[in-house]
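See below for the structure under consideration.
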Amino acid sequence: MFEVLESTAFVARESRWVRIDPEAVRRFARTLARDGPPVPPWDEEHHYSGPADRVVAYLMVLDTINFCFWPPAGCDPWERDLGGRRVSGYNGLAAALKSAMVSGVPLHDAEYLCRMTSRDLEEILGGHGTLQLMDERARALRDLGEVLGRDYDGAAHRLVEATKGWAVDLARLLAKKLPSFRDTAVYRERAVSFYKRGQIFAADLHGALNGEGWGAFRDMDRLTAFADYKLPQVLRHMGILVYEEPLAARVDRMDLLAPGSPEEVEIRANTVVAVERIRREALGTGRSLRSFEIDGLLWHMGQGDAFRDRPFHRTATLFY
């Protein structure tokens with residue numbers, strides 16, 4: 038069994054601060070089966086497209102620094118201009134890196150990544166406002182360049198090839214090779230794995246390359262939800278995730294939750310388990326969806342104002 042499913046199920050069984058409402062799960066699953074939205078297509082507007090090897094390199098860079106888009110207290114959120122409008126968060130990052138690739142910035146070059154500084158990265162991304170953890174982002178890109186240059190002939194697609202078409206093994210390999218992908222925690226003396234960005238890299242490859250070539254994986258059905266801060270915000274809005282009052286008050290005050298704290302681990306683990314339960318319930322009512330597809334549906338729902346009446350939990354981390 039994939040260790041993400043096994044370990045998050047343990048946390049969900051033992052949770053003190055977070056629980057899953059089974060009736061809310063069933064209600065949402067019925068909605069998905071009856072009149073739920075289609076699975077969102079790959080977003081070509083914000084993402085780079087081009088030769089397949091460059092797409093792989095672009096997505097590898099994107100998912101290496103795909104974390105923590107909310108601003109520190111007192112700072113404006115980071116935004117970037119795109120065609121006369123401003124985009125923020127993940128879409129802003131994807132668009133900024135796309136622009137860099139199109140303009141000739143050698144993000145596909147491992148040696149270039151090895152020399153990346155936070156100032157270099159700030160110039161590449163541009164935009165307005167504050168994107169925090171820039172030193173950590175630059176370090177993660179340097180680590181990526183070093184690993185690609187040392188072990189994979191400097192090419193991101195060689196790393197993907199090493200997993201022979203297994204998405205789960207890709208997430209594991211990234212966790213083994215790169216500290217910033219080592220998305221694990223300890224809960225009640227037991228290791229818990231999430232592998233959020235490693236799994237999303239596999240899903241992004243699958244989407245961008247139409248499930249072909251380096252995007253062809255035999256086990257897409259084994260990917261779990263990508264436990265971040267947006268999905269639990271949506272699941273809480275729908276009553277699927279229920280926080281005990283002290284935790285609810287902390288989240289609503291936008292207090293920082295420490296990375297690896299019991300409360301933070303419980304939020305993320307119950308997010309993964311809730312999506313698995315939604316998947317099973319939806320299948321029972323006639324709609325077959327994979328967990329990463331439900332993740333995409335929930336994430337897109339979370340971009341609407343209706344799902345922002347309560348804050349998401351805030352943890353300053355490079356894992357999501």
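The numbering of the sequence shown is the working numbering, which starts it at 38 and goes up by one. Yeah, the Cβ is synthetic: ideal placement off N, Cα and C, and Gly gets one too.
Reference residue i, options the options, closest by Cα
| i | options | result |
| --- | --- | --- |
| Arg91 | His145, Asp80 and Asp100 | His145 |
| Ser217 | Glu82, Ala306, Thr101 and Met153 | Thr101 |
| Gly244 | Asp58, Pro78 and Asp292 | Pro78 |
| Arg67 | Ile315, Gly339 and Phe344 | Ile315 |
| His165 | Leu284, Arg56 and Val124 | Val124 |
| Phe106 | Arg234, Leu284, Leu168 and Leu326 | Leu168 |
| Trp251 | Cys151, Asp289 and Val197 | Val197 |
| Glu300 | Glu40, Arg56, Leu42 and Ser44 | Arg56 |
| Ala137 | Gly121, Ala94 and Ala177 | Ala94 |
| Trp54 | Lys233, Ile331 and Ser298 | Ser298 |
| Arg63 | Thr322, Phe263, Met97 and Thr221 | Thr322 |
| Ser44 | Glu330, Thr352 and Arg305 | Arg305 |
Continuous beta strand (DSSP E) stretch holding residue i: start and end
| i | result |
| --- | --- |
| Ser11 | The shown model of the chain, from 38 to 357, leaves out residue 11, and the question about it has no answer. |
| Glu358 | Examination of residue 358 is not possible in this model, given that the chain is present from 38 through 357 alone. |
| Arg152 | Premise fails: Arg152 is in no beta strand (DSSP E) and is neither H nor E. |
| Val223 | Thr221 to Tyr224 |
Per-residue burial, residue i [other beta carbons within 10 Å of its own, 16 or more giving buried]
| i | result |
| --- | --- |
| Val139 | exposed |
| Ser52 | buried |
| Gln236 | buried |
| Leu320 | exposed |
| Pro88 | exposed |
| Asn307 | buried |
| Lys135 | buried |
| Ser230 | buried |
| Lys214 | buried |
| Ser328 | buried |
| Arg71 | exposed |
| Asp258 | exposed |
Span of the alpha helix (DSSP H) around residue i
| i | result |
| --- | --- |
| Leu294 | No alpha helix (DSSP H) contains Leu294, which DSSP labels as neither H nor E. |
| Thr101 | Ala89 to Thr101 |
| Leu196 | Ala193 to Glu198 |
| Ser44 | Glu40 to Glu51 |
Beta-carbon separation (whole angstroms), residue i vs residue j, contact threshold 8 Å
| i | j | result |
| --- | --- | --- |
| Gly339 | Val279 | The pair is not a contact, with the Cβ atoms about 18 Å apart (cut-off 8 Å). |
| Phe356 | Phe104 | 6 Å |
| Ala378 | Leu210 | The question about residue 378 has no answer here: the residues shown for the chain are numbered 38 through 357. |
| Ala46 | Val310 | 6 Å |
| Met153 | Arg179 | 5 Å |
| Gly73 | Arg324 | 7 Å |
| Arg174 | Leu158 | 6 Å |
Please confirm if the stretch 217 to 236 is in contact with the stretch 110 to 117, defined as three or more CB-CB distances below 8 Å between the two stretches.
-> no
Touching or not, the stretch 70 to 85 and the stretch 127 to 136, by the rule of three or more beta carbon pairs under 8 Å?
-> yes
Does the stretch 291 to 299 touch the stretch 260 to 273, meaning 3 or more C-beta pairs lie closer than 8 Å?
-> no
Inter-stretch contact at 8 Å, needing at least 3 Cβ pairs: the stretch 331 to 348 / the stretch 307 to 321 = yes
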